[in-house]
Amino acid sequence: MQKSILTFLLCCVSLIGSAQITAPGQSNILKFNNSGVFAPVDDRLKLGGEFTFSAWVNPTARTPHSLIVGKPATDRDTDPWMTYVLGWNNTGNRVEFVQTTGAAGTYRSIASPNDIPLNTWTHMAATLSGGTMQLYINGQLAGSIQSPGLPQSNNVPFGIGGGINKGNYCCGSNAYIKQVGVWSRALSAAEVQAVAQAVPAANANGLVAFWMLDEGSGQMAQDRSGNNLHATLGMTATADPQDPIWHSTFYTEKEPFFASRATTISPALPHGLEDIYPMDINQDGRLEFLGVSIAWPPTPFPGTFRPIQVLATHQNLTVTNQTATFIPAGLEMVHPRHIAVADFNKDGFKDLVMIGHGTDTHPFPGEQSQLLFGQADGTLRNVTSTHFPQSIDFTHHVSAADIDGDNDVDLYMANIGGGTNGPLIYLNNGSGVFSVGTNNLPVAVAARHLGAFTSSAFADFDGDGDQDLFLGGDENTAGNLVLLNNGSGVFTIKENAIDRKVPGNNWITVAFAVADFDKDGDLDVISSNTPGQPFYKGAFLQLLLNNGNASFTDASSRITQEFSSEGWIKWVDTVDFNKDGILDLLLSSNGAVNNNLFIGVGNARFKQAPVSLPPSDGPMRAADVDGDGDQDIVSVKGNVAYVGENVQLLAYSTAPLNLIGEQALCQDAANGLQLNTPAKPNNTYLWLKDGEAISNATNPSYTVTIPGRYRVVVKNGEYPADTSLVANVVVAPLPQASITQNGNQLISTEGASYKWFRNDVPLTETTRSITPTASGQYKVEVSNAAGCKATSAAFAFTLTAAQDEVIVKHTRVFPNPTSGKVQVQVDGPYTGKLTATVVTTSGKVVQKKTFRKAGTLTFTFDLGKQANQLFLLKIETESGTSTFKLIKSGE
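Structure (C-alpha cells):
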C-alpha cells in the first residue's frame, strides 16, 4: 500500500542529497510506443510562471526529440517546436527540460549531464519559478537555466508519452511511464524527492493533476488529484492499435522465467551468425542449429561465400561448434535464406534443402540452392549436383509437402526476383531426385504476373485431404493468395480468400506460422509483416482465422502487440512454453526489434509477455535443451551462445469463451443460452453484462436470459485477471411452422432446416416437402438461420390413390404420383389367382406379378428406372378387373 503525502516537508529532510531512490511499485503500468495519453484541454493545465511536472520513466529504446510529459507548440514543425516539455535530446540518450514563450528563437533547454539508462526506472522532474528553469534526475538537481519568459497559453493538449501536432500524433517516446504529476507551483528539492517515493494527497498544495497510470485496462487514466482531469489513451475514446498498452508488473516482479546461461562458442565461429535453423541432424532427439552468416556489403559483387555452421546443444545448457562433425567441408553460400527438413529419399533419415538468394542487391543474381541427405552415421552428404535442378535463382522461401499424393515430399521454391525463373514446383521421383514441375502453378503466379510472393506454407486449408498453398506477397502484390490443390499437385487460385494484408497491402509478408489457433478443427495462419516503405522497418503480426473453406477472416486485434518501428520479424515459431495446451509464439527478429514472446490465452488470443529473454542481436529459436520436457530458448550474439533455461512456467489467467461474436437467444428459450469458460481449480470467475458485474455470477458457466454484451473475467490464482472476448447476445425471432397439402405431398413453411414427425414419431425426411407413405397426424419442426425452432400444429393426412374404377373391394395404391416405388394393398377377400400388371398407355407390359393367396395382400412395383409418364395398373382376379392410373414423376 502506497502512503499518501499530506505534507511534503515533514518527511523529506533526510532524503536530500540521496540519489538512491526506488520507484514505487504498482500493479499495472503503461508502455508507450510512439503513442500518447492526453489530458483534456483545461485552463488548469495552461501553466504560467510557476509550475512543476514529474514522472517515473523506463525507456525501452532511444527516440530523439520525443516527448515524455508536457505540451508541444501549436505548430511543432516550426520554431520554437515546444511549449514546455520533459523530453529526449537529439540523440535520445539524455533527458531535457524545454520551455519557450511560443515565439521563434525562445527555445531554452537543460539536458541531464549523463545518459539515461535503458530498461531502468528514472525519476524526472522539471520546475519553473522566478524566471529559472530547473531539472531534477532521481531527486537531484541536474541543472538550471534562465527561462526565456512566460510560456504561451494555448489549447494544445497536455500529453504523456507523446504529443498532438495539428490533430496528429507527434514526438512519441518508447518507454514505460508511471506516476505523472503536475503542480501549479515549483516544488522544492525535498518535495521532488518526496513525490518520487510516495503518491501525493489529493489535496496537496498546488497539485493540479496526478496520473498513476495503473488502471490495467480501458481507455481512461484516472486523475488522482480530485480535479477530475482524467486522461484518454490515444486520441479517441475507443481503442486503436496506436494506443499505449497496459502491462501487468506481476511478471517483471517474478523474474526470471528464463535464466540465461552464456557459453563462449568453441571452436570459435569464423563469422557472426545472421540466423539459426533448428534440425535434429543425427536424430538423437536433441536439436542442432544450422548457423548462417552474410557478408555485407557485397564486395566484390556478386558477394562473398561463407561457410554453413552447426551448433550443438547439450543437456548441461552449453552450446558448441560441431560443424566438422555434421556437414561436409566446403559447404558455403552467399545468402542462405531458409531451409526445409524432411526424409526426401525415404531412407529413414532426415534430409535438408537450404535455399539461397545470393546478394540482396540489384540485379539480384541469385545462387544455387543445396540438397543434403542425412546418413546413418548422423552426418549430412551434399547431393546437389546429382539430385537437384541446377538453377541460379533468387529464392526467398521454401516449403515441403507431398503435393501429388505419391508418398514422397515435393517442394515449392519461392523465386521472387533476378534471373528468368518465377516460383517453381520441384517434384520428387521418390528417391530424392527433384525435377521442375510443369503446369502445377497458375500461370499468373508462375510468370509473376501478380507480383512476387516472398513466403509460402503448405497445409490442407480446405480440409479435403491434400496440401494447399498459402503465398505471402511483397509490397507490390495486391495481397496474399491461397492456391487450392486438386489432389494431383495442380493448383488454382481461390478467389476472394483473403480480403487484405494488415496493416496494408503495401506491407511485405515475411513468414507464416500455421496451426489451429482457435481450435475449431481447421488450420489458421499468423503472418509476420513489414512495410515496403520504409523498406523492412516496422513489424506487425496478422492473424487470419480459417472459415473452414480456405477463406480467411482477419482477427489481428486478438494479438496485443507493439514493436519498434526500426526492425522486422523473420520467423514466428509456435511453441507451448507453459504447457497449458495453448500455443505460444516466439519471434526471431533482425536485431532492431526486441525478440518477443507472446503467450496464448485461448480463443486465438495472444498477450505479449513482458519478461526478460536471452540476449540477442538476431537469431533466437526454441528447443528443449536440458531435456526436462519444457521449451528453452537459444540465441546467438557474436561468438557467445545463450540458453534461456525455462525455470518458471510463464502463465497468464485465461478467459476463453465457448461462444463469441453475435449469438442468438430465441424468443421462447425457456432454458436460456449457456456461456462457458473452462473450469480450473485455482480460477475465480466474474461475469459481466454490458461492462457491469452480474450479481452472484461467479461460476465458470452463466445462462443468459436477456440480450446484452457478455464477458467473463477469470483470475488464475496470483496471476493478473484476463477478460474474455464478447458474446453479443441478441433476441432472434422464432420461425413460422405450418403444413399445407398439395395432392399427396405435404409442404412446410420456409426455414433453414426441417424435421418431420408422424404420430409424434420422428421421420428420416429433412426436406421442406415430403410425400407420405401412410396416413397419420403429421408435424414439422422448422429451424431458422439463428438456430431457433418452432413446431407446427398436427396436420391430419389420409393417403388416397388416384384410381379410375374399383372392382375389387378395399384396394389401395400409394404413393401416387410416385418418384419410384409404388405400394399396392389388397384387403380382400378374393379367391384363386391375383395378377397385377403395370403397362404403358400403349399397352406395353412394364412389370407383372402373380399371387395365389386368400385374404390381405401387399406388394410393391419399382418404377425408378422408368421415364416420367402415365402408366396403367391392372389388378385381375376371378371376380373382376380393377384399373388404376399411375403417374411417375420426379427422380
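Per the numbering used here, the sequence shown starts with residue 1, numbered consecutively. Ideal placement from N, C-alpha and C gives every residue a C-beta, glycine not left out. The structure presented is a predicted model; accordingly, all values stated were derived computationally and were not measured.
### Query
DSSP on Leu331, reduced to helix/strand/coil?
In the sequence shown, the residue the question calls residue 331 occupies position 331. Note: Leu331 maps to coil in three-state DSSP.
#### Entry: Contacting residues, own chain, Cβ-Cβ under 8 Å from Ile660 (five flanking each side not counted)
The residue given as residue 660 occupies position 660 in the sequence shown. Around Ile660: Asn603, Ser724, Leu725, Val726, Ala727.
#### Entry: Simplified DSSP assignment, three categories, for Lys765
The residue you call residue 765 lines up with position 765 of the sequence shown. Note on residue identity: the sequence assigns Glu, not Lys, to residue 765. Here Glu765 sits in coil by DSSP.
#### Entry: Spatial neighbours of Asn439 in its chain, beta-carbon cut-off 8 Å, leaving aside the 5 residues before and after
Locating residue 439 in the sequence shown gives position 439, where the first residue counts as 1. Excluding sequence neighbours, Asn439 sits near Val490.
### Task
Report the rounded CA-to-CA distance for Lys853 versus Asp827, giving the unit in angstroms.
Taking the sequence shown and counting its residues from 1, the one referred to as residue 853 is at position 853. Taking the sequence shown and counting its residues from 1, the one referred to as residue 827 is at position 827. Whole-angstrom Cα-Cα distance: 11 Å.
### Task
Please state whether DSSP places Thr325 in a helix, a strand or coil.
Looking up residue 325 in the sequence shown gives position 325. Correct three-state label for Thr325: helix.
### Message
What residue range does the alpha helix (DSSP H) around Thr386 cover?
### Response
Within the sequence shown, the letter at position 386 stands for residue 386. Unbroken alpha helix (DSSP H) run through Thr386: 384 to 387.
### Message
I believe Thr684 touches Pro656 by the beta-carbon criterion, under 8 Å. Please report the beta-carbon distance rounded to the nearest angstrom.
### Response
One-based indexing of the sequence shown puts residue 684 at position 684. One-based indexing of the sequence shown puts residue 656 at position 656. Actually they are not in contact, since the Cβ atoms of Thr684 and Pro656 sit about 16 Å apart, beyond 8 Å.
### Task
Indicate whether Thr66 and Tyr169 have their beta-carbon atoms separated by less than 8 Å.
Counted from its first residue, the sequence shown places residue 66 at position 66. Counted from its first residue, the sequence shown places residue 169 at position 169. Per the sequence shown, the amino acid found at residue 66 is Ser instead of Thr. In this structure, Ser66 keeps its C-beta atom at 8 Å or more from the C-beta atom of Tyr169.
### Query
His449: buried (16+ other C-beta within 10 angstroms of its C-beta) or exposed?
In the sequence shown, residue 449 corresponds to position 449, counting from 1. Taking every protein chain shown into account, the CB of His449 has fewer than 16 other CB atoms within 10 angstroms, so this residue is exposed.
#### Entry: Residue(s) in a DSSP beta bridge with Asn496
Along the sequence shown, one-based indexing puts residue 496 at 496. According to DSSP, Asn496 bridges with nothing at all.
### Task
Name the residue from Val813, Pro531, Asn486 whose alpha carbon lies nearest to the alpha carbon of Pro503.
Residue mapping note: residue 503 aligns to position 503 of the sequence shown, counting from 1. That would be Pro531, whose Cα lies nearest to the Cα of Pro503.
### Query
Out of curiosity, what's the CA-to-CA distance linking Val846 and Lys833?
By 1-based counting over the sequence shown, the position of residue 846 is 846. By 1-based counting over the sequence shown, the position of residue 833 is 833. Their Cα atoms are separated by approximately 20 Å.
### Query
Span of the alpha helix (DSSP H) holding Gln197?
By 1-based counting over the sequence shown, the position of residue 197 is 197. If you look at Gln197, you'll find it in the alpha helix (DSSP H) that goes 189 to 197.
### Query
How about the stretch 631 to 646 and the stretch 665 to 679: do they share at least three Cβ pairs that are nearer than 8 Å?
When C-beta atoms of the stretch 631 to 646 are compared with those of the stretch 665 to 679, fewer than three pairs fall below 8 Å, so the two segments do not count as touching.
### Task
Kindly list the residues whose CB is nearer than 8 Å to the CB of Trp568, restricted to its own chain and excluding five residues on each side of it in sequence; keep chain order.
Indexing the sequence shown from 1 puts residue 568 at position 568. Exclusion of the five residues before and after Trp568 leaves Val510, Ser528, Thr530, Tyr536, Lys537, Gly538, Ala539, Ser589, Asn590, Ala592, Val593 as the residues of its chain whose Cβ lies within less than 8 Å of its Cβ.
### Query
Going by DSSP, what residues sit across from Cys170 in a beta bridge?
Translated into positions along the sequence shown, residue 170 becomes position 170. In the DSSP assignment, Cys170 forms a beta bridge with Gly163.
### Task
With a cut-off of 8 Å on the beta carbons, I'd call Gly291 and Gly405 a contact; round off their distance for me.
Residue 291 sits at position 291 when you count from the first residue of the sequence shown. Residue 405 sits at position 405 when you count from the first residue of the sequence shown. The Cβ separation is near 36 Å, so there is no contact.
### Task
Starting from the Cα of Met354, find the closest Cα among Gly378, Trp183, Ile327 and give me that residue.
Working through the sequence shown from its first residue, we reach residue 354 at position 354. Selected option, being the one with the closest Cα: Ile327.
### Unbroken alpha helix (DSSP H) run spanning Thr921, endpoints
Because the chain here runs from 1 to 891, residue 921 falls outside it and cannot be looked at.
### Query
Whose C-beta lies closer than 8 Å to the C-beta of Asp284 among residues of the same chain, with five residues either side of it excluded?
Reading the sequence shown from its first residue, position 284 is the one you call residue 284. Cβ within range, chain order: Gly378.
#### Entry: Secondary structure of Phe859, DSSP reduced to three states
For the purposes of this step, residue 859 is taken as the residue at position 859 of the sequence shown. Three-state result, Phe859: strand.
### Query
DSSP beta-bridge partners for Cys666?
As a first step, residue 666 is located in the sequence shown; it is residue number 666 there, counting from the start. The partner list for Cys666 (beta bridge, DSSP) reads Ala732.
### Reduced DSSP category for Ser399 - H, G, I as helix; E, B as strand; rest coil
By 1-based counting over the sequence shown, the position of residue 399 is 399. In the three-state reduction of the DSSP assignment, Ser399 falls in the strand class.
### Query
When the distance is taken between beta carbons, is Leu331 closer than 8 Å to Pro307?
To locate residue 307, count along the sequence shown from 1; it is residue 307. To locate residue 331, count along the sequence shown from 1; it is residue 331. Taking a C-beta distance under 8 Å as the contact criterion, Pro307 and Leu331 qualify as a contact pair.
### Query
How long is the line joining the alpha carbons of Ala785 and Pro735, rounded to whole angstroms?
In the sequence shown, residue 785 corresponds to position 785, counting from 1. In the sequence shown, residue 735 corresponds to position 735, counting from 1. Each residue's Cα considered, the two are about 9 Å apart.
### Task
Pull up the distance between the alpha-carbon of Gly472 and that of Leu424, whole angstroms please.
As a first step, residue 472 is located in the sequence shown; it is residue number 472 there, counting from the start. As a first step, residue 424 is located in the sequence shown; it is residue number 424 there, counting from the start. So the alpha carbons of these two residues sit roughly 15 Å apart.
#### Entry: Beta-bridge partners of Lys755, as assigned by DSSP
Stepping through the sequence shown from its first residue, residue 755 is reached at position 755. Bridge partners of Lys755: Glu781.
### Query
Alpha carbon to alpha carbon, what distance is there between Ser129 and Phe158?
For this step, residue 158 is matched to residue 158 along the sequence shown. For this step, residue 129 is matched to residue 129 along the sequence shown. Their backbone Cα atoms lie some 20 Å apart in a straight line.
### Message
With three or more beta-carbon pairs closer than 8 Å as the criterion, would you say the stretch 222 to 239 touches the stretch 51 to 68?
### Response
No, they do not touch.
### Query
Using the beta-carbon count (16 or more within 10 Å), is Gly437 buried or exposed?
Taking the sequence shown and counting its residues from 1, one reaches residue 437 at position 437. Counting the other CB atoms within 10 Å of its CB gives Gly437 a total of 16 or more, which places it among the buried residues.
### Query
For Ser399, which option in Gly417, Leu427, Gln390 has the closest C-alpha, if you only look at C-alpha atoms?
As a working mapping, residue 399 is identified with position 399 in the sequence shown. Ranked by Cα distance from Ser399, the options Gly417, Leu427, Gln390 are led by Leu427.
### Query
Do Arg860 and Leu872 have their C-beta atoms within less than 8 Å of each other?
Your numbering for residue 860 matches position 860 in the sequence shown. Your numbering for residue 872 matches position 872 in the sequence shown. It is Thr, not Arg, that sits at residue 860 in the sequence shown. With contacts defined as CB atoms closer than 8 Å, Thr860 and Leu872 fail to qualify as a contacting pair.
### Query
Between Gly102 and the rest of its own chain, which residues show a CB-CB distance below 8 Å, the 5 nearest in sequence each way excluded?
On the sequence shown, position 102 is the one that residue 102 refers to. Excluding its 5 nearest sequence neighbours in each direction, Gly102 has C-beta neighbours in its own chain below 8 Å: Ala73, Thr74, Pro80, Thr83, Pro151, Gln152, Asn154, listed in chain order.
### Tyr251 - DSSP class collapsed to helix/strand/coil
By one-based count along the sequence shown, residue 251 stands at place 251. Here Tyr251 carries a helix assignment [DSSP, helix/strand/coil].
### Message
Going by C-alpha to C-alpha distance, which of Pro256, Pro278, Trp121, Ser769 sits closest to Tyr176?
### Response
In the sequence shown, residue 176 corresponds to position 176, counting from 1. Nearest C-alpha to Tyr176 among Pro256, Pro278, Trp121, Ser769: Trp121.
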